[in-house]
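These notes concern the structure reproduced below.
Residue numbers (the UniProt record's numbering): 1 to 232.
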């Protein structure tokens with residue numbers, strides 16, 4: 001049995017980490033049998049990040065690598081219905097969600113004052129007032145350094161919201177009238193899209209980005225549809 005190591009569920013979503021939710025959604029859509037092991041400290045992971053899996057004693061990290069390994073070793077057919085054009089579109093959706101919209105989510109949770117107040121208490125409130133005051137500035141400083149290296153921490157807030165509108169509109173346009181990014185059936189790109197979009201549409205943490213995402217009815221309907229398929 002494959003063991004999936006990830007953050008605990010919470011905040012009205014199966015996982016508050018887009019990459020953990022992405023991977024578990026992929027495994028559900030592909031029919032992979034697994035057991036969840038909840039961790040709070042990603043430093044215990046092979047690459048210092050969650051999720052990772054234990055596959056017959058082999059520890060494999062990074063959601064994209066895990067998807068590829070599972071697809072190859074278990075002969076998964078989640079993307080078999082895609083032609084070349086659809087595969088290219090699926091890669092584009094995946095990159096947009098994993099490498100751009102994800103970082104906007106991080107910014108508005110961890111650096112935006114409204115989001116940070118909620119994230120700080122929700123993630124670290126159990127530590128108690130003394131440790132909360134001591135540790136959380138260090139964690140936020142590390143996130144700021146990551147976002148500065150990535151680039152978003154160097155921009156004005158309104159520019160980031162403009163980026164977000166462009167991303168959300170692009171996803172709306174790419175989805176079109178299809179039920180899923182894989183067309184009539186979900187594909188691996190739907191796992192990436194749901195991982196970040198569900199954390200904007202359904203997550204109880206409230207940020208300007210969450211509120212913005214809920215203004216896109218096509219994406220809200222999409223999240224409800226994918227949830228019914230993968231998480232009912």
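C-beta atoms are modelled at their ideal positions from N, C-alpha and C, and glycine is treated no differently.
Segment contact: the region 16 to 31 against the region 192 to 199, three or more CB-CB distances shorter than 8 Å; contact assigned. As computed with DSSP, residue 220 is found in no beta bridge at all. Residue 37 is bridged by DSSP to 5. In this structure residue 148 is exposed. Its beta-carbon is surrounded by fewer than 16 other beta-carbon atoms within 10 angstroms. Across the set 83, 6, 108 and 144, the C-alpha of 6 shows the shortest separation from the C-alpha of residue 41. Using a Cβ-Cβ distance cut-off of 8 Å, the region 29 to 38 and the region 70 to 88 are in contact, since at least three pairs of beta carbons, one from each stretch, lie closer than that value. Contact holds between the region 80 to 87 and the region 172 to 183, because three or more Cβ pairs, one in each stretch, are under 8 Å apart.
Taken through DSSP and simplified to helix, strand or coil, residue 127 comes out as helix. Leaving aside the five residues that flank residue 8 on each side, the residues in its chain whose CB is nearer than 6 Å to its CB run, in chain order, 38.
Of the candidates 199, 121 and 231, 199 places its Cα closest to the Cα of residue 19. Counting every other CB atom within 10 Å of its CB across the protein chains shown gives residue 113 a total below 16, marking it as exposed. Going by DSSP, residue 108 is part of the alpha helix (DSSP H) stretching over 102 to 110. Annotation: residue 55 is outside any alpha helix (DSSP H); the continuous beta strand (DSSP E) that includes it extends over 52 to 55.
In this structure, residue 82 sits away from residue 203, with a CB-CB distance that is not shorter than 7 Å.
Taking the CA atoms as reference points, residue 100 sits about 11 Å from residue 92.
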